[in-house]
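Okay, structure first, notes after.
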Amino acid sequence: MSKILYYLPELTYFITAWLLLDLLGSGLFRLLVRPRAKQNWEAAQSPVDAPTIQQNQPPQPWLDYLTQSSQTHPEPSARVRLRMKGVVRSSPKGKWHPAEIKAFFTLQPLTMVWYADITRAFMVSVKATEQYGKSQGFSTRWLLSTFPFRWKKEALPQILAQRNAFYTLAAAVWQPYWWSYYDLTWEKFEADSLEFTCKVEGHTFFLKAKINDQQELEELSLWSENWQEWQAALRWSDYRLFQEQKMPFQVEVLRKDKVGEAFIQANLQVTDVVQKGKYAWW
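First residue of the sequence shown? That's 0 in numbering that gives the first Met the number 0, and the numbers climb one at a time after it.
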């Protein structure tokens, strides 16, 4: 006990310096990330014209999903922002870490900005951001909230841009009428599995959707051109009525590791949804 008291001034100084460093890093992080989100948010056209569902185009399960999800919404919005809390990990056998994620999605133009505050250990956090806009994907990680160890001003590899664009498309689960603005070509559909392509900004995405008996979209996955291998997937559950829409509040993100093993990377609970109003930063 006496030894602890002897080093108490040094420990206090270390802890205080660490907390100040983390606070400084958090401020710098938001200073760099926030302008991009705000620029995309303000560029989005809102409100958009209410789309009309074409009765003779989508398969019936998809038509039922769109009808029961969004047709009562009086004023469509071109943007949505979410706040989520949960756990994330980086590998199939990795440790789960608490995380808080804030995401911003817009339809016109199709963009995404999200950032996460991930608690790795006591007094050790990592902040991450991923973005998509103008067919480009971006990714940044901040070690201990202060030092960016991966920073790319130029576009990252196409596979990342495509994955981030997929996450942006998946935001339509909170704005189902968004799908009416995309060029969809239905390839194959069964009772609970729908295969289709989606063209966005000159790129074609190969997607599969699963819809449950309650006409809720419960999974959307990104596939290769031959429909033989999936690259990423999102699962939704816990649908609730919110602003005259049924939308999910539970989200799972599925990824593959370097050797191709699939695993759940994130399990998140939506704690706040905003579809209208001015841009806000929590």
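Glycine included, C-beta positions come from ideal geometry on N, C-alpha and C.
- Proximity to M83 across Y131, F103 and Q67 peaks at F103, based on C-alpha coordinates.
- The stretch 57-66 and the stretch 207-222 touch, with three or more beta-carbon pairs separated by less than 8 angstroms.
- Here the stretch 188-205 makes no contact with the stretch 112-132; the two share fewer than three CB pairs at distances below 8 angstroms.
- For the pair of segments examined, the stretch 225-234 was found not to touch the stretch 37-48: the number of CB pairs separated by less than 8 angstroms stays below three.
- Assignment of alpha helix (DSSP H) within the stretch 55-141, counting only whole runs of 4 or more residues, yields 59-69 in chain order.
- Of the other Cβ atoms in all chains shown, 16 or more fall within 10 Å of the Cβ of T105; this residue is therefore buried.
- Only residues of its own chain outside the window of five on either side were considered, and among them F195 and C197 have a CB closer than 6 angstroms to the CB of L183, listed in chain order.
- C-alpha of P175 to C-alpha of H96: approximately 31 angstroms in a straight line.
- For Q249, the three-state secondary structure derived from DSSP is strand.
- Take the alpha-carbon of V258 and the one of W173: they are about 32 angstroms apart.
- Between Y238 and K37, the beta carbon gap of about 30 angstroms keeps them out of contact (Cβ cut-off 8 angstroms).
- According to the DSSP secondary-structure assignment, V269 is paired through a beta bridge with M83.
- Within the stretch 160-238, no run of alpha helix (DSSP H) reaches 4 residues while sitting entirely inside it.
- Looking at the DSSP output, I263 sits in a beta bridge with L253.
- By the C-beta density criterion, W226 is exposed, having fewer than 16 other C-beta atoms within 10 angstroms.
- Straight through space, the alpha carbons of E224 and Q274 are spaced by roughly 33 angstroms.
- Only residues of its own chain outside the window of five on either side were considered, and among them V87 and V252 have a CB closer than 6 angstroms to the CB of A265, listed in chain order.
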